[in-house]
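The UniProt record's numbering puts the sequence shown at residues 1 to 161.
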Amino acid sequence: HEYGLDLGSVTWVVDDEDHIEGRAQANVEHVTDGRSLSELLRAGDIDAALSGNAGTGRAGAPRAGWSAPSQSTEDGPYPLFPDHEVLALDWHLRTGIYPLHSVIAVRSELVERDPGLPTALYAAFAESKRRQVAADPEWSALPRLGKQARQLGADPIPYGL
């Protein structure tokens, strides 16, 4: 692992609803009092947060009217690494792996019944993305990706299997 962090020693705190069925590992806790990661950071209840654009800046419990106030770096949250954009691009260039945000999982028994299912799902998501980019060439995600999007080229958010 990068930076010598033992991921098994981390207590992961989730402030979002579950998107899939299953039981979380023992080192995963769900926030039960409706606070956001941002609120937990400010209170000193967690040391760091992994989150997207709306994540650490939002307030309120999941599905309870999350709002994303403007993010100020004066009192946090702020990136753990000041040069995070450079590090993310370096990671991509060194490994060929784009830091993911989401994963689509398919049950094995469904693939056994229909071996073409993964390819069909991939094609459907790729077509959805193609339509989004065609409808909005500036793509709502691109402004926040900034320089990274330009450096990655024509497809700053690649899909893959």
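Glycine included, each C-beta is placed from N, C-alpha and C at the ideal position. These numbers were taken from a predicted model, which means no experiment stands behind them.
Query, Result
"Starting from Glu112, follow the alpha helix (DSSP H) in both directions and report where the run begins and ends.", "108 to 113"
"My output table needs one value for Val86: the three-state DSSP class, helix, strand or coil.", "helix"
"Please check the pair Pro115 and Val106, which I expect to be a contact at CB under 8 angstroms, by giving their CB distance rounded to whole angstroms.", "About 11 angstroms separates the two Cβ atoms, so there is no contact after all."
"Check whether the Cβ atoms of Leu121 and Ile97 lie closer than 8 angstroms to each other.", "no"
"When we look at the beta-carbon of Val14 and count the other beta-carbons within 10 Å, is it buried (16 or more) or exposed?", "exposed"
"How should Ser128 be labelled, buried or exposed, when 16 other C-beta atoms within 10 angstroms of its C-beta is the threshold for buried?", "exposed"
"Please report the distance separating the alpha-carbon of Leu37 from that of Ala49.", "7 angstroms"
"Can you give me the Cβ contacts of Thr11 inside the same chain, cut-off strictly under 7 angstroms, excluding the 5 residues immediately before and after it?", "Asn27, Glu29"
"Would you please state the rounded distance, in angstroms, between the beta carbons of Val31 and Leu41? I believe it to be under 8 angstroms.", "Not really, about 12 angstroms apart at Cβ, beyond 8 angstroms."
"Only counting the same chain, and skipping five residues up and downstream in sequence, which positions put a Cβ closer than 8 angstroms to that of Asp136?", "none"
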